[in-house]
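Colleague: Residue numbers (our numbering): 869 to 1077.
Each residue gets a CB set at the ideal place from its N, CA and C atoms; glycine is no exception.
What you are looking at is a predicted structure, and each value in this text was computed from that prediction instead of being measured.
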């Protein structure tokens, strides 16, 4: 069964990572920029994890109480018996868990990601071939406009402008759709004069765009 591509707000969300080696370090780096509250618990924690600002860590055995108040758990210790125990614990408490490299025990998985500012594209093969998803992410990244971040920032700011200028919901949606297609296809942003002309054509439909 395929995983549904579900985007989640991680800012200030508690994430527990059990394990302190290279795999745990990789998971920390994958989610760090999204602002979660990360806690790492392991008998030995990699020095690189210890040096990451904002990451809490404790060198000790996992305890059942570690999952209290946690939204997501990542089991990255590579200990099958511990993985089983943590999975059972999380399932009982309704906590989402990812057991590294054990797809059948994962409530969520990590896709390959193309990230450009506000643009986040996640690609998953549901664990069938992580390498394929990495290759696809590279191809997608290569076809994106160099200024896609600028385009998206512009279109985001355009929304309140359109709401102020166009009262009709359907017409406003058409205008925003047109502007998105225009900026993407041209790879640039219209100046204020051109924007006003386009807006006038939408407000006076006798003139065709």
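1. Would residue 1033 pass as a contact of residue 1067 if the rule is Cβ separation under 9 Å?
2. Taking the C-alpha atoms as reference points, what is the distance between residue 876 and residue 904?
3. So the alpha helix (DSSP H) residue 990 belongs to, where does it begin and stop?
4. If you drop the 5 nearest sequence neighbours on each side, which residues of the same chain put their C-beta closer than 8 Å to that of residue 980?
5. For the stretch 919 to 983, list the alpha helix (DSSP H) runs that are entirely contained and at least 4 residues long, ordered along the chain.
6. My guess is that residue 954 and residue 886 are in contact by the Cβ rule of under 8 Å, so how many angstroms apart are they, rounded?
7. Helix or strand or just coil, what does DSSP make of residue 882?
8. Going by DSSP in three states, residue 1066 sits in which element: helix, strand or coil?
9. With a 10 Å radius around its C-beta and 16 neighbouring C-beta atoms as the bar for buried, classify residue 966 as buried or exposed.
10. Which class does residue 906 belong to by DSSP, given the choice of helix, strand or coil?
11. Could you check the C-alpha separation between residue 893 and residue 1011 for me, to the nearest Å?
12. Under three-state DSSP, which class holds residue 1053?
13. Helix, strand or coil, according to DSSP, for residue 877 in the structure here?
14. Any beta carbon from chain D within less than 9 Å of residue 1045's own beta carbon?
15. Given a threshold of 16 other Cβ atoms within 10 Å of its Cβ, counted over all protein chains shown, does residue 951 qualify as buried or as exposed?
16. Report all residues from its chain with a CB closer than 6 Å to the CB of residue 945; omit the five preceding and five following residues, and keep chain order.
17. DSSP three-state label for residue 889, please.
18. Taking Cβ to Cβ, would you say residue 891 is nearer than 9 Å to residue 938?
19. Expressed to the nearest angstrom, what Euclidean distance is found between the alpha-carbon atoms of residue 1052 and residue 872?
20. Short of 6 Å in beta carbon distance, which residues of its chain neighbour residue 971, apart from the five on each side in sequence? Order them along the chain.
21. I'd like to check one pair, residue 923 with residue 958: are the Cβ atoms closer than 9 Å?
Modeller: In terms of the structure at hand:
1. In this structure, residue 1067 lies closer than 9 Å to residue 1033 by Cβ.
2. 11 Å
3. From DSSP, residue 990 is part of no alpha helix (DSSP H) but of the beta strand (DSSP E) over 987 to 991.
4. The residues are 990, 991, 992, 998, 1001, 1002, 1004 and 1005.
5. 948 to 961
6. 6 Å
7. strand
8. Three-state result, residue 1066: helix.
9. So residue 966 counts as buried.
10. strand
11. 30 Å
12. helix
13. Residue 877 falls in the coil class under three-state DSSP.
14. The structure shown contains no chain D, having only a single protein chain.
15. Around the beta carbon of residue 951, 16 or more other beta carbons lie within 10 angstroms, which makes this residue buried.
16. 886 and 887
17. Looking at residue 889 - three-state DSSP - the assignment turns out to be coil, as it is neither helix nor strand.
18. No, Cβ-Cβ distance for residue 891 and residue 938 is not below 9 Å.
19. If I take the Cα positions, the gap works out to 27 Å.
20. Cβ neighbours of residue 971 beyond the five flanking positions: 995.
21. no
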